[in-house]
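Numbering (the UniProt record's numbering), first residue to last: 1 to 336. Data block below; observations after.
In structure tokens form, the structure reads like this:
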């Protein structure tokens, strides 16, 4: 059956939850349970499941064994697909020995590497084979899938070689985009990108909880500001460049920054504050994660920018120069 890729991406999640519920003694699973667990609209889940031709019971849902069997049939996990792992580093070794793959019809039959130092050694039940053996193993064992855990610089060459040997399905863990002919199917897993998604969520949460301050990767904003000071001679002529650098680093200019700039350039606090407030490019309060800028220039005003500005103010419940309570949005006027 030809399902949309979005449905295919969701079905494994439904299957894993169903298997877990079965292990804990449940005999039925419903769209309501799936909706609550995955935060997906119940109607969308019903549409996904409608392709499975299952007969659910009111207030009970689907018989769990039938549900599991139907999804496994669609995903092809009721048959065995033989695969090889290319790249016998830590990740490749872990993949080759992950026993749970067998529950979904994946059988890893060989582990390969091109490093003479480890070829011939044994990893649990696998003897690490040289790449010269690829053709023999693929044809002899009927391998359809290759799992790539090789370095980025090697991935393209290895994938091309495997394609020439008849492999059309690639599970790629190398942090590169593989360019293969159109009949090749590639599923890439970028572990670093997955971490960066979580890193963003951590950073965003810190941002919301710390008054709009984002902790830099080096954990030392003050050090970077100090380094910015040292770029300039202690002259009043450098006030605006210093203010610009501080704002670029912190995201705004704090009261403590004004004091430090005053001391460094030997300028009165009031003078630094006066310049910072005179130019609207400088922000003295933490900006939101997203900054909304509305142009009030003549051309934009004629086109209705005031209506846009008022709509944003009404929707976010803030005025120009303010930030929403959750620190997500700031509003400012600009002239383009």
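The beta carbon of each residue, even a glycine, is placed where N, CA and C say it ideally should be.
Counted within 10 angstroms of its Cβ, other Cβ atoms place residue i as buried (16 or more) or exposed
i, result
"residue 158", "buried"
"residue 177", "exposed"
"residue 233", "exposed"
"residue 31", "buried"
"residue 293", "exposed"
"residue 62", "buried"
"residue 302", "exposed"
"residue 281", "exposed"
"residue 72", "buried"
"residue 172", "buried"
"residue 10", "buried"
"residue 130", "exposed"
"residue 174", "buried"
"residue 219", "Here the model assigns residue 219 a pLDDT of 49, short of 50, so the residue's position is not dependable and the matter cannot be decided."
"residue 259", "exposed"
"residue 79", "exposed"
"residue 334", "exposed"
Cβ distance (whole Å) where residue i is taken to contact residue j below 8 Å
i, j, result
"residue 91", "residue 149", "4 Å"
"residue 252", "residue 277", "With 8 Å as the limit, residue 252 and residue 277 do not qualify as a contact, their Cβ atoms being about 13 Å apart."
"residue 81", "residue 145", "6 Å"
"residue 288", "residue 327", "6 Å"
"residue 181", "residue 163", "7 Å"
Identified DSSP bridge partners for residue i
i, result
"residue 82", "107"
"residue 172", "148 and 188"
"residue 62", "29"
"residue 382", "Residue 382 is absent from the structure shown; the chain starts at 1 and stops at 336."
"residue 333", "294"
"residue 57", "61"
"residue 123", "126"
"residue 323", "330"
Three or more beta-carbon pairs under 8 Å between the segment 45-58 and the segment 82-100, yes or no?
-> no
Scan the segment 231-311 and note each continuous alpha helix (DSSP H) run of 4 residues or more that stays entirely inside, going in chain order.
-> 239-250, 255-265, 269-278 and 298-302
Cβ contact check for the segment 119-130 and the segment 151-168: 3 or more pairs under 8 Å | no
Three or more C-beta pairs below 8 Å linking the segment 111-118 and the segment 59-73 | no
Segment contact, 8 Å Cβ cut-off, at least three pairs: the segment 261-280 with the segment 223-243 = yes
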